[in-house]
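*Asks:*
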Amino acid sequence: MKNARLRTPLKNVRGLGSARGGTHHFIVQRITALALVPLSIWFVWLALRLLHLDYASARALVGQPCNAVLMVSFLVAVFWHAQLGLQVVIEDYVHTRGLEITAQVTVKFLAVLGALASILAVARIALGS
Numbered sequence: 001m002k003n004a005r006l007r008t009p010l011k012n013v014r015g016l017g018s019a020r021g022g023t024h025h026f027i028v029q030r031i032t033a034l035a036l037v038p039l040s041i042w043f044v045w046l047a048l049r050l051l052h053l054d055y056a057s058a059r060a061l062v063g064q065p066c067n068a069v070l071m072v073s074f075l076v077a078v079f080w081h082a083q084l085g086l087q088v089v090i091e092d093y094v095h096t097r098g099l100e101i102t103a104q105v106t107v108k109f110l111a112v113l114g115a116l117a118s119i120l121a122v123a124r125i126a127l128g129s
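Take the sequence shown: its letter number 92 is residue 92 in the UniProt record's numbering, and every next letter is one higher.
1) What are the start and end residues of each continuous beta strand (DSSP E) run of 3 or more residues lying completely inside the stretch 86–125, in chain order?
2) With DSSP collapsed to three states, give me the class of L48.
3) Tell me where the alpha helix (DSSP H) around L61 begins and ends.
4) Between the beta-carbon of I119 and the beta-carbon of V107, is there less than 8 Å?
5) Just the C-alpha distance for S57 and D92, rounded to the nearest angstrom, thanks.
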């Protein structure tokens, strides 16, 4: 125990995380939120237009290159932002290390799976298959 008192504050916190990692996470979360502002406005506009169209016209509207690219951008930003937000919630409120790791891996897996499935759906509409 005498040796523990001689440890510097930096030595005491080693292995408990890095301040730089949190800053990067914070910045990426803010960037995805900022990107979602215009993309969400566009998405609401598109959804309102789709309400009054039949199936073929709706598919043609989503299949337009500009709309398809914006839709994929929206989906990537939404799933990335959601994963980042859930990561913070898990880090703050799950205190069992094994459960925390399991939850983090599950959230990341489901976010990637959801994003890929959504992007595939848009690609199939845009490419006409």
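Here a beta-carbon is modelled for each residue, glycine too, at the ideal position from N, C-alpha and C.
Since we're looking at a predicted model, the values are computed, not measured.
*Replies:* Walking through what the data contain:
1) none
2) helix
3) Y55 to G63
4) no
5) 46 Å
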